[in-house]
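Novice: Residue numbering for the sequence shown follows our numbering, beginning at 33 and increasing consecutively.
After the structure tokens below, expect a handful of questions from me.
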Amino acid sequence: MSTPVPPAVVAAGRALAVGLAAWAVALGGPAAAAAPPAEVTDVAVQDRTATFTVEVGAAADGTPLDPGTVRVRSGEVDWPATATGEDGAGEPLSRRAVIAVDTSGSMGADGIADARQAAQAFLTAVPDDVAVGLVTFSATAEVVVAPTTDRRPLRAALAEMKAGGDTALYDGLATSLQALGDDGDRAVLLLSDGEDTASTATFEQSRDDLAASGVHSRLVGFGTGAELDVLAELAGESGSAVEAADGGELESLFAASAEDLVQTVTVTAQVPAGVGGGTGVTIEVGSGDAVAVAQTGVTLPEVPAAPVSLPRGAVAGAASPAWFLPVAVVLAFAGLFGLAAVLLSPGTWRSSTSTRRALDVQRYALVGAGGASATDPTASPTAVGQAALAWADRRVQARGTAHATQLLLDRAALPLKPHEWLLLRLGLVVVGLVAGVLLLPWWLLTAPLVALLLWLAAGVYLKIRAGRRAGKFAEALPDVLHLVAGSLSTGFSFPQALDNAATEGQEPIAGELSRALAESRLGVSLEDCLERVAERMASKDLEWTVMAVRISREVGGNLAEVLTTTAETMRERGRVQRQVKTLSAEGRLSAYILIALPIGIAAWMAAFRPAYVAPLVTEPLGLVMTAFAVLTMAFGAWWMSRLIKLEV
């Protein structure tokens with residue numbers, strides 16, 4: 033029987049080993065090779081078997097990945113594991129890449145020179161174990177150099193590239209896929225400056241073949257003539273499409289593409305006995321002297337815990353009473369009908385421009401003393417739908433929020449009325465209640481929470497959309513004022529100058545100016561119409577502009593010069609606002625992190641350690657603590673939002 037070693041001796045031995053290692057390094061011993069980057073992109077668990085898909089970047093010395101060195105562990109517990117590459121073998125992975133270059137006449141001598149320089153940068157940066165080939169395509173596509181680890185024929189072929197002929201883009205991609213073969217890690221880097229004009233293959237064939245091949249693709253549009261949208265659709269979800277405006281940008285992009293080449297390995301591990309629930313897993317794969325390390329979290333089957341006692345009335349969905357399902361179905365149909373009453377009403381989504389103009393004129397025209405709102409002449413909902421809309425209209429009028437809601441809807445360019453918006457939000461609430469009751473546990477708590485979140489999300493969506501559109505309006509206003517001032521200087525009247533700005537401008541300012549001009553043709557003062565635009569778009573700058581126009585018309589003066597000065601003031605104020613926003617970025621980021629951190633930790637604990645947070649929603653004291661935490665978090669978020677909000 034061996035005598036156990038005292039812990040003090042073990043600790044001293046470890047300290048001595050660390051000291052000797054540090055001394056050896058200080059004397060010039062070899063440093064450990066830099067570990068290549070690694071990331072777990074997919075996790076699947078079936079019974080007690082876990083499968084991980086790991087993407088590993090290139091090692092510094094270009095050594096290929098060795099799946100035979102895989103190690104999987106959780107803490108200090110090792111899992112029996114095996115690894116295979118994309119070709120299904122457990123040997124070091126084979127990697128191939130093809131550079132496909134457009135050599136059509138549109139590239140020209142300068143374009144070919146830029147492409148040659150970029151390809152040379154790719155060859156310099158790519159790991160030594162990657163076999164690289166070259167495909168060129170003009171009127172036809174051909175494999176100039178098959179994938180090889182010898183860079184000399186590639187550099188020689190690049191030196192002989194010349195421009196001429198049409199563009200067989202799709203044929204070039206198909207030829208590249210054929211040159212890469214069917215196994216191993218494969219990548220294609222394609223460069224083109226224009227659309228396809230000569231291929232025998234179709235766009236659909238090329239897109240489907242690339243998606244089914246498993247090849248990593250990066251399609252580069254060179255210059256302003258490149259069809260980047262076509263390249264993006266061709267690359268699909270498994271690839272990427274980017275644009276390079278000049279040779280320097282193209283060279284940097286090619287060099288980065290070489291450094292981004294990854295090796296994919298599939299790791300299959302058996303979960304040891306005693307490991308269950310949510311746990312962190314570390315995966316190590318050797319690459320020469322370096323070791324790639326990736327970490328991820330995984331939820332494993334575990335022994336069911338003792339049932340948690342729920343407070344009286346907090347019944348899970350599985351224990352619902354007999355009457356519950358019919359009531360839930362009725363509520364679901366009620367909510368869906370409310371949504372349909374709004375979405376399918378003929379007056380909700382107005383496709384005709386003339387109809388929209390008529391409704392806008394009715395809405396903003398002078399109404400009678402009763403102040404009745406304009407009605408939509410095209411709307412003819414069913415009797416039940418009309419009753420629902422009328423009820424919603426009464427609720428909005430009683431709350432006194434019709435005007436403010438209509439301003440938000442107009443600012444967001446949503447073709448809805450306030451009562452239609454209210455009915456839409458109520459429909460979302462009912463659907464959220466039913467979905468929470470049917471799908472979530474502890475439905476007495478979670479279903480109202482889901483409904484509340486949907487109600488708030490609809491309001492937040494409206495405000496965000498309105499704010500973005502108002503921001504675009506404010507950003508374009510100085511340019512439009514310069515355009516109006518220029519038109520006034522050439523002899524245009526003020527309405528003619530605004531009409532010219534509406535014609536030349538872009539949305540949303542063009543539509544708002546057109547709307548103001550349409551109202552002014554009904555006899556309303558143009559300044560009053562512009563003030564309505566300022567109120568609708570929440571634009572203080574436009575209010576000041578209208579005030580300047582009124583003063584100029586009353587006392588005289590050069591209106592073009594006034595508008596030019598106003599526009600320059602707006603530009604300077606915008607510059608100061610951007611500078612303040614930049615200086616306060618650190619504070620805003622800190623506020624976002626402080627707000628998101630407790631929410632993220634709570635969500636992580638609920639997903640991976642539900643037993644830890646169960647008392648917060650099942651025990652009376654836990655419910656009080658949760659409510660207090662939510663209230664204090666809301667107050668803290670509001671307080672920090674006030675601290676980081678700076679106005680200029």
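Ideal Cβ positions, reconstructed from N, Cα and C, are used throughout, including at glycine.
From a predicted model like this one, the values you see are computed outputs, not experimental measurements.
1. Cα-Cα, which of Glu265, Ala189, Ser616, Pro112 is closest to glutamine 302?
2. Select from Leu465, Leu470, Arg427, Ala467 the residue whose C-alpha is nearest the C-alpha of lysine 449.
3. In the DSSP assignment, what residue or residues form a beta bridge with alanine 82?
4. Per DSSP, which one or two residues make a beta bridge with threonine 311?
5. Counting beta carbon pairs with one atom in the region 519-527 and one in the region 496-510, are three or more of them shorter than 8 Å?
6. What is the rounded straight-line gap between the Cα of leucine 376 and the Cα of aspartate 134?
7. Kindly indicate which three-state DSSP category threonine 156 falls into: helix, strand or coil?
8. What is the C-beta distance between leucine 595 and valine 516, in whole angstroms, given that I count them as a contact (C-beta under 8 Å)?
9. Could you give the distance in angstroms between the alpha-carbon of alanine 56 and the alpha-carbon of glycine 107?
10. Based on Cα-Cα distance, which residue from Thr116, Leu471, Glu539, Leu484 lies nearest to leucine 458?
11. Identify which residue in Ala151, Pro179, Glu544, Val581 has its Cα closest to the Cα of alanine 191.
12. Pull the bridge partners of phenylalanine 254 from the DSSP assignment, please.
13. On a CA-only basis, which of Gln327, Leu221, Ala646 is nearest valine 247? Give me that one, please.
14. Please work out which residues of its chain come closer than 8 Å, Cβ to Cβ, to leucine 626, disregarding the five sequence neighbours upstream and downstream, and give them in chain order.
15. Can you check which of these residues, Arg674, Leu260, Glu563, Val109, is closest to glycine 306 by C-alpha distance?
16. So threonine 116 packs on threonine 328, CB below 8 Å; how close in whole Å?
17. According to DSSP, is alanine 121 helix, strand or coil?
18. Does the ligand NAD have even one heavy atom less than 8 Å from the beta-carbon of glutamine 438?
19. Looking only at C-alpha atoms, which of Arg620, Glu651, Met665, Tyr644 sits nearest to isoleucine 631?
20. Hey, could you find the ends of the alpha helix (DSSP H) glycine 574 is sitting in?
21. Cβ atoms of arginine 105 and threonine 232: under 9 Å apart, would you say?
22. Looking at the secondary structure, which residues open and close the alpha helix (DSSP H) in which arginine 184 lies?
23. Suppose you measure from the CA of valine 158 to the CA of serine 249; what does that come to, to the nearest Å?
24. Between alanine 422 and glycine 432, what straight-line distance do the alpha-carbon atoms span, to the nearest angstrom?
25. Where valine 461 and tyrosine 624 are concerned, what is the direct C-alpha to C-alpha distance, given to the nearest angstrom?
26. Three-state secondary structure (DSSP) at threonine 199?
27. Would you please state the rounded distance, in angstroms, between the beta carbons of arginine 239 and glycine 204? I believe it to be under 8 Å.
28. Distance check for leucine 486 and glutamate 600, CA to CA, integer angstroms please.
29. Determine the contact status of leucine 655 and leucine 648, defining contact as a CB-CB distance below 9 Å.
30. CB-CB under 7 Å to alanine 506, same chain, minus the five flanking residues each way: which ones, in chain order?
31. Roughly how many angstroms separate the alpha carbons of glycine 226 and alanine 206, rounded to a whole number?
32. Could you check what DSSP says for proline 62 in three-state terms: helix, strand or coil?
33. I believe leucine 530 touches leucine 549 by the beta-carbon criterion, under 8 Å. Please report the beta-carbon distance rounded to the nearest angstrom.
34. Who are the near neighbours of serine 16 in its chain, counting only those whose CB is closer than 6 Å to its CB and skipping five residues on each side?
35. In terms of alpha-carbon separation, which member of Leu441, His435, Leu456, Leu440 lies closest to alanine 424?
36. Check glutamine 149 in the structure and name its three-state DSSP category.
Specialist: If we stick to the structure as given:
1. One-based indexing of the sequence shown puts residue 302 at position 270. Among Glu265, Ala189, Ser616, Pro112, the Cα nearest to that of glutamine 302 is on Pro112.
2. Here residue 449 is taken as the residue at index 417 of the sequence shown, counted from 1. Closest option to lysine 449, Cα to Cα, is Arg427.
3. On the sequence shown, residue 82 is found 50 positions in, with the first residue counted as 1. Partner residues in the beta bridge of alanine 82, as assigned by DSSP, are Val77, Ala301.
4. For the purposes of this step, residue 311 is taken as residue 279 along the sequence shown, with counting starting at 1. For threonine 311, which the question treats as bridged, DSSP gives the partners Val330.
5. When C-beta atoms of the region 496-510 are compared with those of the region 519-527, fewer than three pairs fall below 8 Å, so the two segments do not count as touching.
6. Reading the sequence shown from its first residue, position 344 is the one you call residue 376. Reading the sequence shown from its first residue, position 102 is the one you call residue 134. Confidence at leucine 376 is low in this model, with a pLDDT of 44, below 50, so the placement of that residue should be treated as unreliable; the coordinate-derived value is given next. In a straight line, the C-alpha of leucine 376 is about 50 Å away from that of aspartate 134.
7. Here residue 156 is taken as the residue at index 124 of the sequence shown, counted from 1. Assignment of threonine 156 by DSSP, reduced to helix, strand and coil, places it in the helix class.
8. Translated into the one-based positions of the sequence shown, residue 595 becomes position 563. Translated into the one-based positions of the sequence shown, residue 516 becomes position 484. Going by Cβ atoms, the distance from leucine 595 to valine 516 rounds to 6 Å, so yes, they are a contact pair.
9. Your numbering for residue 56 matches position 24 in the sequence shown. Your numbering for residue 107 matches position 75 in the sequence shown. Only weak support is given to the placement of alanine 56: the predicted model assigns it a pLDDT of 38, under 50, and the question is left unresolved by the model.
10. Locating residue 458 in the sequence shown gives position 426, counting from the first residue. Residue Leu484 holds the alpha-carbon nearest to the alpha-carbon of leucine 458 among Thr116, Leu471, Glu539, Leu484.
11. Residue 191 sits at position 159 when you count from the first residue of the sequence shown. Looking at the Cα atoms, Ala151 is the closest of the given residues.
12. Residue numbering aside, residue 254 sits at position 222 when the sequence shown is read from its first letter. Among the bridge pairs identified by DSSP, phenylalanine 254 is matched with Ala276.
13. Position 215 of the sequence shown holds residue 247. Nearest option by C-alpha distance: Leu221.
14. Locating residue 626 in the sequence shown gives position 594, where the first residue counts as 1. So the qualifying residues of the chain are Gly668, Met672.
15. Here residue 306 refers to the residue found at position 274 when the sequence shown is read from its first residue. Nearest C-alpha to glycine 306 among Arg674, Leu260, Glu563, Val109: Val109.
16. Counting from 1 along the sequence shown, the entry for residue 116 is found at position 84. Counting from 1 along the sequence shown, the entry for residue 328 is found at position 296. Taking a contact as a CB-CB distance under 8 Å, the pair threonine 116 and threonine 328 does not count as one, their CB atoms being some 18 Å apart.
17. Here residue 121 corresponds to residue number 89 of the sequence shown, with the count starting at 1. Only weak support is given to the placement of alanine 121: the predicted model assigns it a pLDDT of 48, under 50, and the question is left unresolved by the model.
18. The model depicted lacks the ligand NAD and carries no ligand whatsoever.
19. Start at 1 with the first residue of the sequence shown, and residue 631 comes out as number 599. With respect to the C-alpha of isoleucine 631, the residue from Arg620, Glu651, Met665, Tyr644 having the closest C-alpha is Met665.
20. Reading the sequence shown from its first residue, position 542 is the one you call residue 574. The sequence shown places leucine at residue 574, rather than the glycine named in the question. 572-587 is the span of the alpha helix (DSSP H), which, as asked, contains leucine 574.
21. Locating residue 232 in the sequence shown gives position 200, counting from the first residue. Locating residue 105 in the sequence shown gives position 73, counting from the first residue. Their beta carbons are not under 9 Å apart, which means threonine 232 does not touch arginine 105 by this criterion.
22. To locate residue 184, count along the sequence shown from 1; it is residue 152. Annotation: the continuous alpha helix (DSSP H) that includes arginine 184 extends over 184-191.
23. Against the sequence shown, residue 158 aligns to sequence position 126. Against the sequence shown, residue 249 aligns to sequence position 217. One C-alpha to the other measures close to 15 Å.
24. By 1-based counting over the sequence shown, the position of residue 422 is 390. By 1-based counting over the sequence shown, the position of residue 432 is 400. Straight-line measurement puts the Cα of glycine 432 at about 15 Å from the Cα of alanine 422.
25. As a first step, residue 461 is located in the sequence shown; it is residue number 429 there, counting from the start. As a first step, residue 624 is located in the sequence shown; it is residue number 592 there, counting from the start. Computed Cα separation, rounded: 28 Å.
26. The residue you call residue 199 lines up with position 167 of the sequence shown. In this structure, threonine 199 counts as coil in the three-state DSSP scheme.
27. For this step, residue 239 is matched to residue 207 along the sequence shown. For this step, residue 204 is matched to residue 172 along the sequence shown. Actually they do not touch by this definition, with Cβ atoms about 14 Å apart.
28. Sequence index remark: in the sequence shown, residue 600 carries index 568 (1-based). Sequence index remark: in the sequence shown, residue 486 carries index 454 (1-based). Here the C-alpha atom of glutamate 600 lies approximately 43 Å from the C-alpha atom of leucine 486.
29. Translated into the one-based positions of the sequence shown, residue 655 becomes position 623. Translated into the one-based positions of the sequence shown, residue 648 becomes position 616. Yes, these two residues count as a Cβ contact at 9 Å.
30. One-based indexing of the sequence shown puts residue 506 at position 474. Cβ within range, chain order: Ser571, Asp573.
31. Reading the sequence shown from its first residue, position 194 is the one you call residue 226. Reading the sequence shown from its first residue, position 174 is the one you call residue 206. Spanning the two alpha carbons is a distance of roughly 17 Å.
32. In the sequence shown, counting from the first residue as 1, residue 62 sits at position 30. A caution first: proline 62 carries a pLDDT of 41, below 50, which makes its placement in the model unreliable, though a value can still be read off. In the structure shown, proline 62 sits in coil (DSSP, three-state: anything other than H, G, I, E or B).
33. Looking up residue 530 in the sequence shown gives position 498. Looking up residue 549 in the sequence shown gives position 517. Yes, they are in contact, since the Cβ atoms of leucine 530 and leucine 549 sit about 6 Å apart, within 8 Å.
34. In the structure displayed, the chain extends from 33 to 680; residue 16 sits before or after that span and is not available.
35. Within the sequence shown, numbered from 1, the residue matching residue 424 stands at position 392. Ranked by Cα distance from alanine 424, the options Leu441, His435, Leu456, Leu440 are led by Leu456.
36. By 1-based counting over the sequence shown, the position of residue 149 is 117. Here glutamine 149 sits in helix by DSSP.
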